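Report on one structure; see the data block that follows.
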Amino acid sequence: MSNTFVFFHVGTDIQQPQMLVDSIRITNKDANIVFCSDSSTPDIEKVTSRVNVAGDSQNLMSFRLKAFIEANVESPALYVDTDMLFLRTLRPSEILGEKKIVMCKRSFNLDGAFIGNFRGLDFMEYDKKPLGMVYPYVACSTITESFRVWRDLYDILLDLDDKFKVWYGDQEALKKYAEILPSESFGVFEEAVYGCLPDEKYYLPQASILHFKGAQRKPIMKVFHKQMLEFVNKKNSESFSKG
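So for the sequence shown, my numbering puts the first residue at 17; every next one is plus one.
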């Protein structure tokens, strides 16, 4: 069974998802990479397949979850954000085991205060509460047994206030899903391993995926990506000269 990785991206700027795909190909050469998008977004090189979905980019959270459903991936897969770089070979089916879903448990800024007024949306019910309590699971990395889990999450999201369809809806749905699932049906892995922030240097040696969250980390992603390509090119050149 090939290792399957799925991501969602809409918009004309594809530099970030292309860096993600490059990193997956470097570390997981035979990966099945599924690109979920709309019909107007440019192609991304080195993906295995592309799934175009009709949706409202203003409601990005509901669009994303709908796209993961329509990707129709029947096997275990890791669903990731685009501002990430893979550092190691990963086998989603082995990590999942007999679980239905494995969620990414928040590792960083657990005591940070949630900002209730965000991007003009009112989340004041959570204002100044600890992030670790408001959203214990981050949605940057999630493994599911099939697309049907995303259907469950999508149904939860549709029952929420419309603001969650715009932002935070994936994390809100994950939290509520964890509350109703039998404990044997879901597992967790740490953000420090599967979505490690590049400035968290203590955790970097154990990281499998780096997460360049926030505008201030995007330039660093380009640096890491360049170094990965240079390393691979050097390695290939050395192999060629020996051969």
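Glycine included, every Cβ here is placed at the ideal spot set by N, Cα and C. Quantities reported herein were computed from a predicted structural model and do not represent experimental measurements.
(message) Going by beta-carbon coordinates alone, are M119 and L36 separated by less than 7 Å?
(response) no
(message) In this structure, how does DSSP classify S39 when only helix, strand and coil are distinguished?
(response) helix
(message) Taking the alpha-carbon of K192 as reference, which of V182, M237, D175, E206 has the nearest alpha-carbon?
(response) D175
(message) Between the alpha carbons of F134 and V182, how many angstroms are there, rounded?
(response) Here the alpha carbon of F134 sits roughly 11 Å from the alpha carbon of V182.
(message) Report the start-end ranges of each beta strand (DSSP E) in the region 167 to 216 that is 3 residues or longer and not cut off at the edges.
(response) Fully contained in the region 167 to 216 are the following beta strand (DSSP E) runs of length 3 or more, in chain order: 202 to 206.
(request) Note down, in chain order, each residue of its chain lying with its Cβ closer than 6 Å to the Cβ of S257, except the 5 sequence neighbours on either side. (result) For S257, the predicted structure reports a pLDDT of 45, less than 50, and the residue's modelled location is therefore unreliable. A value from the coordinates is still provided. Contacts found: none.
(request) With a threshold of 16 other CB atoms inside 10 Å of the CB of R107, please say whether the residue is buried or exposed. (result) exposed
(request) Identify which residue in V204, R167, L245 has its Cα closest to the Cα of L112. (result) Nearest in C-alpha terms to L112, of all of V204, R167, L245, is V204.
(message) I'd like to check one pair, L173 with S78: are the Cβ atoms closer than 7 Å?
(response) yes
(message) For Y210, count the other beta carbons within 10 Å of its own beta carbon; 16 or more makes it buried, fewer makes it exposed. Which is it?
(response) buried
(message) Give me the DSSP bridge partner(s) of N133.
(response) D138
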